[in-house]
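To start, the structure under review is shown below, and the notes come after it.
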Amino acid sequence: IGVPDDKYGEELMACIILKPGVDTLTAEALAEFCHGRLAHFKVPRYMDVRDSFPLTVSGKIRKIDMRNEAIARLAAVSAESEQTLV
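What follows is the structure, given as structure tokens:
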């Protein structure tokens, strides 16, 4: 999904549900996987590992809800990092 970015206007966030039996996924492992398969500008800057995706009544993924959640989460992380620098 796309999330706002000050420099580029929008950056990519990969939303991932791990396969059964896979416990973790590191950002480095995702980047390594993507670099061999995607153009550099298509490699996600952020990663969101989830248990499930929000769905509509018809079973489609509610991407707008995921985007809004991601924006709120990134804003909270940004606010925390600003407070630690002050």
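Counting in the numbering used here, the sequence shown runs from 33 upward without gaps. All C-beta atoms in this analysis are idealised placements derived from N, C-alpha and C, irrespective of residue type, glycine included. Because the structure is a prediction, the values reported are computed rather than measured.
When the Cα atoms are used, Thr56 and His67 turn out to be separated by approximately 19 Å. Secondary structure note for Leu44: its beta strand (DSSP E) is the uninterrupted segment 41 to 49. For Phe65, the enclosing alpha helix (DSSP H) begins and ends at 59 to 67. Under the three-state reduction of DSSP output, Leu87 falls in the strand class.
In this structure, Ile33 places its C-beta atom within 9 Å of the C-beta atom of Arg99. If the five residues before and after Asp38 are omitted, its C-beta is found closer than 7 Å to no C-beta atom of its own chain.
Measuring C-alpha to C-alpha distances from Val54 to each of Val75, Pro36, Asp83 identifies Asp83 as the nearest.
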